[in-house]
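Novice: Sharing a structure, written as structure tokens. Questions coming.
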Amino acid sequence: MIDNTFAVLLLSYISILTIFVVSLRISQHYNIPYLFYLMVLISLISVVYIPSILASQSTENFQIRLFIGALNIQFTMKFVELVFYFPWEYVRQMPWKFAFIYLNSFPQMPESKEKFSLVMNPIIRQQNIQTILRGICQFIIIQMFLYFISSEWLSAPSSSLPPVIRYLRHGLFSVLLYLAIDAMTGVGFGTYGFLFNIQMKPIFPAFPFASTSLRQFWSRRWNRLIQTSLHLLSFIIIPNLLARFISLNNVAKSFLAFTISGFIHEYVLWFATGIWSGRYMIFFWIHFLLILFEIQMKFPIEPSTSHGKALGWLWTAGITWITTPLFFDPMIDSTNVSNVK
1 MIDNTFAVLL
11 LSYISILTIF
21 VVSLRISQHY
31 NIPYLFYLMV
41 LISLISVVYI
51 PSILASQSTE
61 NFQIRLFIGA
71 LNIQFTMKFV
81 ELVFYFPWEY
91 VRQMPWKFAF
101 IYLNSFPQMP
111 ESKEKFSLVM
121 NPIIRQQNIQ
131 TILRGICQFI
141 IIQMFLYFIS
151 SEWLSAPSSS
161 LPPVIRYLRH
171 GLFSVLLYLA
181 IDAMTGVGFG
191 TYGFLFNIQM
201 KPIFPAFPFA
211 STSLRQFWSR
221 RWNRLIQTSL
231 HLLSFIIIPN
241 LLARFISLNN
251 VAKSFLAFTI
261 SGFIHEYVLW
271 FATGIWSGRY
281 MIFFWIHFLL
291 ILFEIQMKFP
301 IEPSTSHGKA
311 LGWLWTAGIT
321 WITTPLFFDP
331 MIDSTNVSNV
341 K
């Protein structure tokens, strides 16, 4: 059961974001960029510190702590992007509702003031309703899976299961993770889009499990929300901040992106369970090295042919499945996974 702490945390987030939006409008109206940067700093500290203290002192609910840990990371990246990526001239033209939505879910802002208006299509509410309904259907599918699967099997330590059963469970968790992310963001994005009459792109540009290379999986098919932020941080913001001291090539930037991704997952696990496993970092570093191998070997060979696609899919599915223990076992071993039921 989710206790009333969730309502308190929700109110704290809403209060912080409301104060931020008001300060944004004042900064825009009077053209005071330093007020905006100051309020971003204050909002960032508040949105990470206040909910974290409330959660640690008032709840042991795993779902709430996991949710807050992920939300803290999201807000941190979005506030950093607002300060270090967007010029003040652009921010000054930004409608307040876009700033609000961007902090909560919007993967990428339009590039110009003209494109702000292009996104506000008067006939898109029907599309958002369809997105919400799709998310609800996915949530029902998840609940059906969880209803028919034994709680003891879900939460059993990985070391107690035969290898075949262990990997079958990891495969099931992979599907459930995809459905859960798509369902939550679908309902969330669809609700934002319906309320503000804004077209929201799906978080998964294409079905991730049809990828024919690890590079395609991570850069084109998986989790647009985090992928866009990682790209901005590792390929633009951080290299620009370090440009005075060191120049980063694309390999270093890619390594930085996978390292940040590993840190994000380690932080969320630590926030929810108090455990820093290190296995998420290893998981993402392995995938980074294998992507370099793909690029060096120009793999998959003949990607436009059926044979090449099949070979690429087998490679991607095999590597992903083999490395799933590094991704799922830290969470399984540190908490009772059946609590998500």
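Using UniProt numbering, the first residue of the sequence shown is number 1, and each one after it goes up by one. Using N, Cα and C, we set each Cβ at its ideal position, and we do this for glycine too. On a predicted model such as this, the values are computed, not experimentally measured, just so you know.
Please classify residue 30 as buried or exposed, where buried requires at least 16 neighbouring CB atoms within 10 angstroms.
Specialist: Exposed, since its Cβ has fewer than 16 Cβ neighbours within 10 Å.
Novice: Who are the near neighbours of residue 291 in its chain, counting only those whose CB is closer than 6 Å to its CB and skipping five residues on each side?
Specialist: Once the five neighbours on either side are set aside, the close Cβ partners of residue 291 are 214, 215.
Novice: Since I believe residue 16 is in contact with residue 47 (beta carbons under 8 Å), could you give me their beta-carbon distance rounded to a whole number of angstroms?
Specialist: Indeed they touch by this definition, with Cβ atoms about 5 Å apart.
Novice: Using only CA atoms, which one of 32, 70, 13 lies nearest to residue 263?
Specialist: Ranking the options by Cα distance to residue 263, first place goes to 70.
Novice: If you follow the alpha helix (DSSP H) that residue 78 is part of, which residue opens it and which one closes it?
Specialist: First-last of the alpha helix (DSSP H) with residue 78: 62-84.
Novice: Using the Cβ count rule (16 or more neighbours within 10 Å means buried), how would you classify residue 247?
Specialist: The residue in question, residue 247, is exposed, as its Cβ has fewer than 16 Cβ neighbours within 10 Å.
Novice: On the three-state DSSP scale, how would you describe residue 244?
Specialist: Coil, per DSSP.
Novice: If contact is defined by three or more beta carbon pairs under 8 Å, each pair taking one atom from either stretch, is the stretch 138-155 in contact with the stretch 216-228?
Specialist: At 8 Å Cβ cutoff, the stretches do not touch.
Novice: Between the beta-carbon of residue 276 and the beta-carbon of residue 270, is there less than 8 Å?
Specialist: The answer is yes: Cβ separation under 8 Å.
Novice: Put residue 205 into one of helix, strand or coil per three-state DSSP.
Specialist: Three-state result, residue 205: coil.
Novice: Comparing alpha-carbon positions, which option in 335, 325, 134 lies nearest residue 164?
Specialist: Of the listed residues, the one whose Cα sits closest to residue 164 is 325.
Novice: Taking all protein chains shown into account, do 16 or more other C-beta atoms lie within 10 angstroms of the C-beta of residue 265, making it buried, or fewer, making it exposed?
Specialist: Label assigned to residue 265: buried.
Novice: According to the neighbour-count rule (16 or more other Cβ atoms, all chains shown, within 10 Å of its Cβ), is residue 65 buried or exposed?
Specialist: Per the 10 Å Cβ criterion, buried.
Novice: Quick one: grab the DSSP three-state call for residue 325.
Specialist: Reduced to three states, the DSSP call for residue 325 is helix.
Novice: Which one of 320, 68, 171, 42 has the shortest CA to CA distance from residue 53?
Specialist: For residue 53, the nearest C-alpha among the options comes from 68.
Novice: Classify residue 298: buried if its beta carbon has 16 or more other beta carbons within 10 angstroms, exposed otherwise.
Specialist: Its Cβ having fewer than 16 others within 10 Å, residue 298 is exposed.
Novice: Using only CA atoms, which one of 32, 249, 309 lies nearest to residue 93?
Specialist: Of 32, 249, 309, the residue nearest in Cα terms is 32.
Novice: Please indicate yes or no: does the CB of residue 197 lie closer than 7 Å to some heavy atom of the ligand NAD?
Specialist: The ligand NAD is not among the ligands present in this structure, which contains no ligands whatsoever.
Novice: Could you spell out the range, first to last residue, of the alpha helix (DSSP H) harbouring residue 199?
Specialist: It is not in any alpha helix (DSSP H) - residue 199 carries neither H nor E in the DSSP assignment.
Novice: Determine the direct distance from the alpha carbon of residue 189 to that of residue 103, and round the result to whole angstroms.
Specialist: The straight-line gap from Cα to Cα measures roughly 12 Å.
Novice: Alpha carbon to alpha carbon, how far is residue 323 from residue 171?
Specialist: When rounded, the distance between both Cα atoms is 11 Å.
Novice: Out of 283, 153, 81, state which residue places its alpha-carbon closest to the alpha-carbon of residue 332.
Specialist: For residue 332, the nearest C-alpha among the options comes from 153.
Novice: To the nearest angstrom, how far is the alpha carbon of residue 251 from that of residue 319?
Specialist: Rounded to whole angstroms, residue 251 to residue 319 spans 21 Å at the Cα level.
Novice: Could you check the C-alpha separation between residue 20 and residue 245 for me, to the nearest Å?
Specialist: Taking the straight line from one Cα to the other gives about 33 Å.
Novice: Does the distance from the CB of residue 49 to the CB of residue 237 come in under 8 Å?
Specialist: Not closer than 8 Å, so no.
Novice: So the alpha helix (DSSP H) residue 288 belongs to, where does it begin and stop?
Specialist: Unbroken alpha helix (DSSP H) run through residue 288: 279-297.
Novice: Does the beta-carbon of residue 89 have 16 or more other beta-carbons within 10 angstroms, so that it is buried, or is it exposed?
Specialist: It counts as exposed.
Novice: Residues in the same chain with beta-carbon distance under 7 Å from residue 178, minus the five sequence neighbours each way, listed in chain order, please.
Specialist: Excluding residues within five positions, the ones whose Cβ falls inside 7 Å are 208.
Novice: Compare the C-beta of residue 95 with all C-beta atoms of chain D and state if any pair is closer than 8 Å.
Specialist: The chain labelled as chain D is not found in the depicted structure, where only one protein chain is given.
Novice: Could you give the DSSP three-state label for residue 43: helix, strand or coil?
Specialist: DSSP places residue 43 in helix when its eight states are reduced to three.
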